[in-house]
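Undergrad: With positions in the sequence shown counted from 1, the corresponding number in our numbering is that position plus 521. For every residue, glycine included, the Cβ atom is placed at its ideal position computed from N, Cα and C. None of the values given here were measured: they were computed from a predicted structure. Next up is a structure, given as structure tokens.
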Amino acid sequence: MTYDDLIPVIRRLALEAGDKIMEIYNADDFDVKVKSDSSPVTEADEAADALISAGLRAAFPDILLVTEEQAASHSKQGDTFLIVDPLDGTKEFINRRGDFTVNIALVENGVPTRGVVYAPARGRMFYTLADGRSVEEIGALDKDKPGEVTPISVSDPDNSALLVVASKSHRDQATDDYINKYKVKDSKSAGSSLKFCLVATGEADLYPRVGRTMEWDTAAGHAVLAGAGGHVVRFEDHAPLTYGKEGYANPFFIAYAPGIELKEA
């Protein structure tokens, strides 16, 4: 598999999954179940997962596939793997707030190197090109033919007037306490992996996450942010956030544009 092979496939699968998700989102009603970890799952999560998994296994049968909705994949490990969250922001989806995404990423030696984040209700799609640079595709988002893309790049942050983005569904006092260590010009809330993309485009400078996430929640957004010049580090010691950890659980982390003077936890 080359990056030239990978990017068109994950772009198309994200768009196809987005169509399936929006079909269910726009229906009068949809089923919501509760998983063993008490998190919600909808028929849209399951339908998108089936579509993406089938497409990736057909295109890249020799590469390990880890997806949120297939618990059997969570006990498998490898140096190189594809990792999928077919519908990140399920609570946003259930509450019809629109901030949900399709996330597909490639991880190599602990680093998310390529990825796509598609927000179907927002009509925004971000991904890494084969050369690793990140773009936002604008226009019709045709499945068979990529449209015009705009290169994206992190901000040149002003430490005396920072733009911060934080979780919409999981914001708490610990998050606010950390944000208050900075001089903040404006703070906004967003759901799902869109927060990484807002930092990647320069619409925000800093995204701290003081709460539970899994690698499938973050890998694609991490790849997009890295391709735009940004970083993601562990909250406690500012070491790089790595992937392929046992159980695929993340520690708390900070996503940011270089130039920010990071504060201690």
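Tell me whether E767 sits in a helix, a strand or coil according to DSSP, three-state version.
TA: Counting from one through the sequence shown, the residue named residue 767 turns up at place 246. Helix, per DSSP.
Undergrad: On the DSSP bridge list, what partners appear for H752?
TA: Residue mapping note: residue 752 aligns to position 231 of the sequence shown, counting from 1. According to DSSP, H752 bridges with Y777.
Undergrad: Does the region 567-578 touch the region 626-645, meaning 3 or more C-beta pairs lie closer than 8 angstroms?
TA: As far as the Cβ criterion goes, the region 626-645 does not touch the region 567-578, which means the pair count is below three.
Undergrad: Measure the C-alpha to C-alpha separation of A778 and R730 and round it to an integer number of angstroms.
TA: Counting from 1 along the sequence shown, the entry for residue 778 is found at position 257. Counting from 1 along the sequence shown, the entry for residue 730 is found at position 209. So the alpha carbons of these two residues sit roughly 15 angstroms apart.
Undergrad: Near D693, which residues of its chain fall below 8 angstroms by C-beta distance, leaving aside the five closest residues on each side in sequence?
TA: Here residue 693 refers to the residue found at position 172 of the sequence shown. Closer than 8 angstroms at Cβ, skipping near neighbours: V731, G732.
Undergrad: Threshold first: 4 residues or longer. Then list the alpha helix (DSSP H) segments lying entirely within the region 602-659, N to C.
TA: Qualifying alpha helix (DSSP H) stretches, in chain order: 611-615.
Undergrad: Assuming contact is defined by CB atoms lying nearer than 9 angstroms, are I625 and I573 in contact in what I supplied?
TA: If you number the sequence shown from 1, residue 625 lands on position 104. If you number the sequence shown from 1, residue 573 lands on position 52. Cβ atoms of I625 and I573: closer than 9 angstroms.
Undergrad: If we call anything under 9 angstroms between Cβ atoms a contact, is L536 one with R643?
TA: Reading the sequence shown from its first residue, position 15 is the one you call residue 536. Reading the sequence shown from its first residue, position 122 is the one you call residue 643. No.
Undergrad: Could you pull out every residue in the same chain whose Cβ sits closer than 7 angstroms to the Cβ of A569, ignoring the five residues on either side in sequence?
TA: As a first step, residue 569 is located in the sequence shown; it is residue number 48 there, counting from the start. Cβ neighbours of A569 beyond the five flanking positions: A538, K541, I542, P607, L608, V623.
Undergrad: Given a cut-off of 9 angstroms, decide if P672 and I781 are closer than it, judged by their beta-carbon atoms.
TA: Position 260 of the sequence shown, counted from the start, is the residue given in the question as residue 781. Position 151 of the sequence shown, counted from the start, is the residue given in the question as residue 672. The answer is no: Cβ separation not under 9 angstroms.
Undergrad: Along the chain, which unbroken stretches of the alpha helix (DSSP H) at least 4 residues long are found entirely within the region 549-609?
TA: With a minimum length of 4 residues, the continuous alpha helix (DSSP H) runs that stay inside the region 549-609 are 564-580.
Undergrad: First and last residue of the beta strand (DSSP E) that includes K706?
TA: Locating residue 706 in the sequence shown gives position 185, where the first residue counts as 1. 705-711 is the extent of the beta strand (DSSP E) around K706.
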